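Beneath this line is the structure, given in structure tokens, with notes to follow.
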Amino acid sequence: MGLSTHVLDTMHGCPAAGMAVALYATDGEQATLIRRLTLNHDGRSDAPLFDNASLRPGTYRLTFDVDAYFKARGVQLPDPAFLNRVSLDFGIAHADQHYHVPLLVSPWSYSTYRGS
Numbered sequence: 001m002g003l004s005t006h007v008l009d010t011m012h013g014c015p016a017a018g019m020a021v022a023l024y025a026t027d028g029e030q031a032t033l034i035r036r037l038t039l040n041h042d043g044r045s046d047a048p049l050f051d052n053a054s055l056r057p058g059t060y061r062l063t064f065d066v067d068a069y070f071k072a073r074g075v076q077l078p079d080p081a082f083l084n085r086v087s088l089d090f091g092i093a094h095a096d097q098h099y100h101v102p103l104l105v106s107p108w109s110y111s112t113y114r115g116s
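Just so it is clear: in the sequence shown, position 21 is 21 by UniProt numbering, and no numbers are missing.
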């Protein structure tokens, strides 16, 4: 349970290994950094972003460094890139449930949903 994320690179058809991610707690326009991490070989964090004991109701933001990830993969991007960072703002209403926030991303598009 808790909070987790997973990123799939839809351009290359693989997990986004090595992508940098930041997790923030938000309060209106104010964002407080909780942690930074780099996704593992499976495009996931090595541990939950929050475990069951530390997950709290509230609003949060995950920021994914898409531009740097694709540049590191050797993709030729325009300057500035169409997508630099993708920020997903979401709410946690029930701390007793699992919240999974996946991102499917290419240099030109992204989608997300509440996963399981």
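Yeah, the Cβ is synthetic: ideal placement off N, Cα and C, and Gly gets one too.
Computed from a predicted structure; not experimentally measured.
Is the segment 77-88 close to the segment 32-40, with three or more CB pairs under 8 angstroms?
no
Are there 16 or more other CB atoms within 10 angstroms of the CB of P102, so buried, or fewer, so exposed?
buried
Stretch-stretch touch, CB-based, cutoff 8 angstroms, three pairs: the segment 90-102 with the segment 13-25
no
Helix, strand or coil, according to DSSP, for A22 in the structure here?
strand
Cβ separation of R114 and L88, assumed to be a contact under 8 angstroms, to the nearest whole Å:
Actually they are not in contact, since the Cβ atoms of R114 and L88 sit about 11 angstroms apart, beyond 8 angstroms.
Does the pairing of the segment 45-64 with the segment 18-35 give three or more beta-carbon distances under 8 angstroms?
Yes, since at least three Cβ pairs between the segment 45-64 and the segment 18-35 fall closer than 8 angstroms, the two stretches touch.
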